[in-house]
Amino acid sequence: MAKKKPSLMKNILSGFFCVVIGLIIGFVGTIIFSLPDSYKIPDRVNGSSNVSSGLIDSKVIEESDLSIHFLELGNKYTGDCILIKVGDTQVLVDGGSKTSSISHITSYVDKFFDEKDNVLDYVIITHAHEDHYAGFATNASTESIFDYYRKDGKSIDTIITFSKTNKTASNKMFSNYQRELGEAIASGAKHFTSLDCINQTKAGAQKTYDLGNGVELNFLYQKFYELPSTTENNYSVCFEINQGSKSYLFTGDLEKEGEISLIANNNLRPVELYKAGHHGSKTSSSQELIVVIQPKIVVVTCVAGSSEYTSKNENQFPTQEFIDNVSPYTKNIYVTSLCIDYQANQFQSFNGTIVVCSNPMTQSQVLCSNNTTILKETEWFKNNRTLPANAVA
Ligand SMILES: [Zn+2]
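Residue numbers 0 to 392, in numbering that gives the first Met the number 0, belong to the letters of the sequence shown in order.
Spelled out as structure tokens, the structure:
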């Protein structure tokens, strides 16, 4: 039997439906593209999106529900000191690389210190390496960061430290730290280790702390809170700051084996910001971690190109391997300081002190004290590093 020809009416009807569907698609597309940015799904195209940036502006910081300050330390030594400010709540993470940085750190923190309650709410010390805990490990006659926040009516509420170390009291700096910590506890500060926070067995120890403004501090488990490691770096306290759908990840100097454990034990997700593990060392920021967290912004706290730890250029912070691992996911890499000549004690600001300001529904802003040039656009990068072929444009 011959096939029945489609009727003229059927052709007209199917043509009509095609036009209607086309119009609907066009209409929905127009609506999506005309929505304010805050209602769109964030442009994550592997971190290729431009980040809003500018010079440090105290008004922008004040108006942000959350600001994260990566301090330049004012010397040629790489180290960590980070202030997290949420309304009247301050969290100080690590205390710089030298005791000579203490006054530099406290005068910066004072600018954001809430004098109404006079309380430094949280101090987190990630691990027992000089470039992270020097400011807390002074000799008895020098004022430590703990001492500073115990005088003139000020106090520290909670101190959270690494749960393991290979250091013993025979190490002068470590015994100084133990004494200073002991004095802070004796004067009323609560003290928990990272493992206390995970297990919540000690009264007051929490895995998650509410910092206010809808922001929370959440400690992340990794196996070296309990198991021995040959490197102190793996004892690093790891945590995330969560603000609505945005997450900010801090892993101290955790190395690859610790990162693998971190992934296995937590529900890590793409992050707004990642503090480059171990100052952009090749021992951290493994591909395994980066593929999970796909950072949009990366801050490297280091004195770039310094021979402090190695004379081999490609292994100086931030290392070529770090660039290779991170660049396929983001171009928004910022670095605190730049080494000119380590032996001659010459250094300068790279981006300088870097402040990431964040409100829940809008794009984060990166503010820098020196300039806002992303790493790959800098002269230092062009002379010392290679952008991998799979880097985002
Ligand atoms: Zn370090």
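Cβ coordinates follow ideal geometry from the N, Cα and C atoms, glycine included.
Quick one, are the C-beta atoms of V365 and G53 less than 9 Å apart? Contact flag set, yes.
Look up E239 in the DSSP assignment and say whether it is helix, strand or coil. Correct three-state label for E239: strand.
Bridge-paired residues (DSSP) for H68: Beta-bridge pairing links H68 to L82, V354.
Give me the DSSP bridge partner(s) of N212. Under DSSP, N212 shares a beta bridge with no residue.
Once DSSP output is grouped into helix, strand and coil, what is the label at H103? Judged by DSSP in its simplified three-state form, H103 adopts helix.
What does N118 pair with, by DSSP beta-bridge criteria? Contrary to the premise, residue 118 reads as Val rather than Asn in this sequence. According to DSSP, which records beta bridges pairwise, V118 is partnered with S154.
From A136, T192, F145, residue whose alpha carbon lies closest to that of K171: Ranking the options by Cα distance to K171, first place goes to A136.
L366 by DSSP, collapsed to three states: which one? L366: strand per DSSP, three-state reduction.
From S193 to F249, what does the alpha carbon distance come to, in whole angstroms? Their backbone Cα atoms lie some 13 Å apart in a straight line.
Can you give me the C-alpha to C-alpha distance between E287 and V236, rounded to a whole angstrom? Whole-angstrom Cα-Cα distance: 19 Å.
Please confirm if the stretch 299-308 is in contact with the stretch 255-262, defined as three or more CB-CB distances below 8 Å between the two stretches. Contact fails: fewer than three Cβ-Cβ distances are below 8 Å.
Taking the DSSP output, what are the residues bridged to V302? Answer by DSSP bridge pairing, in chain order: S336.
Taking only heavy atoms of ligand 1 into account, decide whether any of them is closer than 8 Å to the Cβ of T160. No, since every heavy atom of ligand 1 falls outside the 8 Å radius drawn around the Cβ of T160.
Proximity test, G181 beta-carbon vs ligand 3 heavy atom, cut-off 8 Å: By its list of ligands, the structure shown excludes ligand 3, since it contains just ligand 1.
Just to confirm before moving on: does the CB-CB distance between P70 and H103 stay below 9 Å? The amino acid occupying residue 70 in the given sequence is Leu; Pro does not appear at that position. At the C-beta level, L70 and H103 come within 9 Å of one another.
What's the gap between the Cα of Y176 and the Cα of N233? One C-alpha to the other measures close to 19 Å.
Contact check, H190 vs T160, beta carbons under 9 Å: Against a cut-off of 9 Å, the Cβ pair of T160 and H190 comes out as a contact.
From this set, L119, L219, E254, which residue's C-alpha is nearest R268's C-alpha? Comparing Cα-Cα distances from R268 to each of L119, L219, E254, the minimum goes to L219.
Excluding sequence positions up to five away, which residues of its chain have a Cβ less than 7 Å from the Cβ of C196? I159, A204, Q205, K206, F218, listed in sequence order.
Output the residues surrounding ligand 1, defined as those with a CB atom closer than 7 Å to any ligand heavy atom, in chain order. Cβ-based neighbours of ligand 1 within the cut-off: T77, G78, D79, H128, D130, H131, D252, H277, H278.
With distances taken Cα to Cα, identify the nearest neighbour of V108 among G243, S169, L82, G78. For V108, the nearest C-alpha among the options comes from L82.
Please name the residue, chosen from E271, L180, S310, that lies closest to V291 on a Cα-to-Cα basis. Nearest Cα to V291 within the set E271, L180, S310: E271.
Cβ pair count under 8 Å reaching 3, the stretch 87-102 against the stretch 117-134: As far as the Cβ criterion goes, the stretch 87-102 touches the stretch 117-134, which means the pair count is three or higher.
Among D87, G351, R178, T200, which has the Cα closest to the Cα of R373? Rather than Arg, the amino acid found at residue 373 in this sequence is Ile. Checking every option, the nearest Cα to that of I373 belongs to G351.
If contact is defined by three or more beta carbon pairs under 8 Å, each pair taking one atom from either stretch, is the stretch 313-323 in contact with the stretch 273-287? Yes: at least three Cβ pairs fall under 8 Å.
For N165, which option in S143, G187, P227, G211 has the closest C-alpha, if you only look at C-alpha atoms? The candidate whose alpha carbon is nearest that of N165 is P227.
Express the C-alpha separation of I155 and G402 in angstroms, rounding to a whole number. Residue 402 lies beyond the stretch modelled for the chain, which goes from 0 to 392, so this question has no answer here.
Rank K97, A139, D113, T157 by C-alpha distance to the C-alpha of V122 and give the top, closest one. Of the candidates K97, A139, D113, T157, the one whose C-alpha sits nearest the C-alpha of V122 is T157.
Buried or exposed by the 16-neighbour rule on C-beta atoms within 10 Å, applied to Q89: Counting the other Cβ atoms within 10 Å of the Cβ of Q89 gives 16 or more, which makes it buried.
Neighbourhood of A168 by C-beta distance below 8 Å, restricted to the same chain and skipping five residues each side: Counting only residues of its own chain and dropping the five nearest sequence neighbours on each side, A168 has a CB closer than 8 Å to the CB of S174, Q177.
Would you identify the three-state DSSP class for Q345, choosing helix, strand or coil? Reduced to three states, the DSSP call for Q345 is strand.
Which partner residues does F249 have in the DSSP bridge list? F249 is bridged to F238, K274.
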